[in-house]
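Below is one structure, written out as structure tokens; the observations come after it.
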DNA sequence: CTTGGAGGCTCACGTCGCGTGAGGGTCAAG
DNA sequence: CTTGACCCTCACGCGACGTGAGCCTCCAAG
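Chains as they are written, first to last, in the numbering used here: chain V, 1 to 341; chain P, 1001 to 1341.
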């Protein structure tokens, strides 16, 4: 019962080189050598090889197999559970990649062979998104899902904005305000009402000229829309404030309104983590929130009260703010606790 | 618009080393160097890098990406289709492995931490099967599916056979014959009635002492059962043949009956490939078939006729032969064409 | 006795996409 | 002038072998 490499290889379906390799790394050393130096495998060696093959078929690395066989400390059950988890992860990753490829493929399959450039642009957008969002976020982000209707909708909105800018219509005009409101409604829908997603999306647009170019949302366009959106809110507050209060607010509000999404995103994350409103982190957010408010509303409590009343009585002020009832309540508690202490 | 490696790395989320690597292999060479030898990337380089990242996110190799970008000969559609296929294969493989691991895990989870040896033995059996069967075959092989009832059934059968042998009961006795018939019925069920699977299973048992030891089916046992099975068939033929014919057959039949499965497997493969019965390959099989028949039935056409009649009239002879109606018909045509020419 | 072919041996480089130092230069700020 | 951040090249390492090159050993046939 002495086998030479070739015979053992044939019997096990491995190659001679593989057996040499196992010998080199000390995983399976033949327990004998002939006078000429030939490897001679005994029954026990063959048995060990069978163990090795069995464990290999589980996808284990040679190092791990060696460790397991030489000192069978850890249980095989644990090993197998690890392997299963690893496989699950790999499978999920690859399935996701495949789905993306299939989607990409479908997108271009009607119509003739598309230009290389179109492919690459679409692909680059996708990888951009990958860099700014995690996989779960992408799953939750409606904007990410390729959808012709949605795309057409945005093209229209952007086109309208560009037209208004070209015609020199100021952001304070009703046409601009109306567009800005539709814009935000669509955006709120396409970010699933999640300020975290909105915030990351803003970051992406701010940092990546490529994305701006691709979608046609230049800095100019987004600033115009932001401004017009601010005007639409201000127009409502106007009815609740004195002329003096209003002009103060009108000067300051647009300058810092872009800070809202980041703040809301942080707040929402705390809420979802189940942090109590009294926790230091949340209290800090509440402080920043009030600071932001004061930065455009001034320090007069009377003014704050007017704003609160406006927010309560005007449903239009409650729209497009990426706020849920739960978040309002949470924020309310945090601020109450802050001012009480 | 000149970027140094570090800045470009930060912007793209890659590492400096990665960019060095791309430079080394010629995938992305910065179009400028500073006097001190610093890599300086221009807008066009950045654009190329974006293309690279996009294609990488499809899972393409760097070599392929380089080829595609430098001479955009082949269409991206084709590339993507290839990638999708590759992924599908990988996913299927890994899913199968995972399923096996899960099955293995379940098998041992009731009961306490099993012995390492039990694990390994089960595993080794699995890898054995892997070596002798393709994946699709394993899917079709009921024997491969771990099933306690089935396993108990085989344990019983094997135990009975061992008892009979121990007690010295000859294979010609009714008890042995009856056991052999149950054995074959079970075997036919557990090979899904497919002679190809039966044949490979036989090969595995013959070549792998490990498997024999594990299941308890020693050469002695399987030969005993085969013999008894032969006797059970012969007992029926006895009623149709002269004493002389019968004793001739009884001497020869057991010696070559093990050739049936291989022959049937080949025949079935031809049938499934849609080869016409007149094709040379099938004719050759028909010749071998007749030769095998003659080897134990002799050359007298009258004897052959008796055997044919027995086969027709005795349903018991039709059982446990891994033959479907379609195969009988196919073989009939092949033999008819052979004898006619 | 030789010869040829099958099989064995060791040594060593290649794969793929970088990570991770080592050892040393460059540049702007303090 | 120093400091620290950034840059350079060179080179090994990973994992599981594939693929030679150059040489040795064994057995059967001429």
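Glycine included, each C-beta is placed from N, C-alpha and C at the ideal position.
Can you tell me the Cβ-Cβ gap for residue i and residue j, rounded? I've got them flagged as a contact below 8 Å.
i	j	result
residue 290/V	residue 327/V	Actually they do not touch by this definition, with Cβ atoms about 16 Å apart.
residue 1346/P	residue 1186/P	With chain P running from 1001 to 1341 in the structure shown, residue 1346/P is simply not present.
residue 1042/P	residue 1033/P	Incorrect: roughly 12 Å between the Cβ atoms, too far for contact.
residue 98/V	residue 1178/P	The Cβ separation is near 54 Å, so there is no contact.
residue 249/V	residue 226/V	Going by Cβ atoms, the distance from residue 249/V to residue 226/V rounds to 16 Å, so no, they are not a contact pair.
residue 235/V	residue 282/V	Contact flag wrong, Cβ pair sits at about 33 Å.
residue 128/V	residue 210/V	7 Å
residue 91/V	residue 1091/P	6 Å
When you compare the CB of residue i with every CB in chain V, is at least one pair closer than 8 Å?
i	result
residue 1137/P	no
residue 1048/P	no
residue 1108/P	yes
residue 1071/P	no
residue 1145/P	no
residue 1335/P	no
residue 1225/P	no
residue 1077/P	yes
residue 1051/P	yes
The beta strand (DSSP E) spanning residue i covers which residue range?
i	result
residue 1043/P	That residue, residue 1043/P, is in no beta strand (DSSP E); its alpha helix (DSSP H) goes 1043–1056.
In the DSSP output, which residue or residues are listed as bridge partners for residue i?
i	result
residue 4/V	40/V
residue 1033/P	1039/P
Could you give the residue range of the alpha helix (DSSP H) that holds residue i?
i	result
residue 261/V	259–273
residue 1315/P	1315–1318
residue 255/V	243–256
residue 280/V	280–297
residue 1192/P	Element bounds for residue 1192/P: n/a, residue is neither H nor E.
residue 1018/P	1016–1024
residue 1326/P	1325–1340
residue 1223/P	1219–1238
residue 209/V	209–215
residue 1154/P	1148–1166
residue 108/V	76–109
residue 143/V	Here residue 143/V belongs to no alpha helix (DSSP H), and DSSP marks it neither H nor E.
residue 1300/P	No alpha helix (DSSP H) contains residue 1300/P, which DSSP labels as neither H nor E.
residue 66/V	62–70
If we define contact as Cβ-Cβ less than 8 Å, is residue i a contact residue for chain P?
i	result
residue 59/V	yes
residue 9/V	no
residue 4/V	no
residue 165/V	no
residue 32/V	no
residue 130/V	yes
residue 126/V	yes
residue 44/V	no
residue 13/V	yes
residue 205/V	no
residue 98/V	yes
residue 67/V	no
residue 16/V	no
residue 54/V	yes
residue 347/V	A question about residue 347/V goes unanswered here, because the residues of chain V that appear run from 1 up to 341.
residue 95/V	yes
residue 120/V	yes
residue 212/V	no
residue 105/V	yes
residue 123/V	yes
Using only alpha-carbon positions, find the residue among the options that is nearest to residue i.
i	options	result
residue 144/V	239/V, 50/V and 215/V	215/V
residue 1026/P	1048/P, 1250/P and 1155/P	1048/P
residue 69/V	1051/P, 1252/P, 1120/P and 1079/P	1120/P
residue 59/V	82/V, 292/V and 28/V	82/V
residue 1195/P	1229/P, 1154/P, 1141/P and 1127/P	1141/P
residue 337/V	222/V, 316/V, 277/V and 288/V	277/V
residue 260/V	200/V, 245/V and 274/V	200/V
residue 245/V	211/V, 279/V, 228/V and 301/V	301/V
residue 1213/P	1135/P, 1124/P, 1270/P and 1273/P	1124/P
residue 1220/P	1203/P, 1162/P and 1271/P	1162/P
residue 139/V	151/V, 251/V and 100/V	100/V
residue 297/V	332/V, 316/V, 255/V and 272/V	255/V
residue 1183/P	1136/P, 1133/P, 1232/P and 1108/P	1232/P
residue 76/V	1093/P, 1105/P, 1072/P and 1006/P	1105/P
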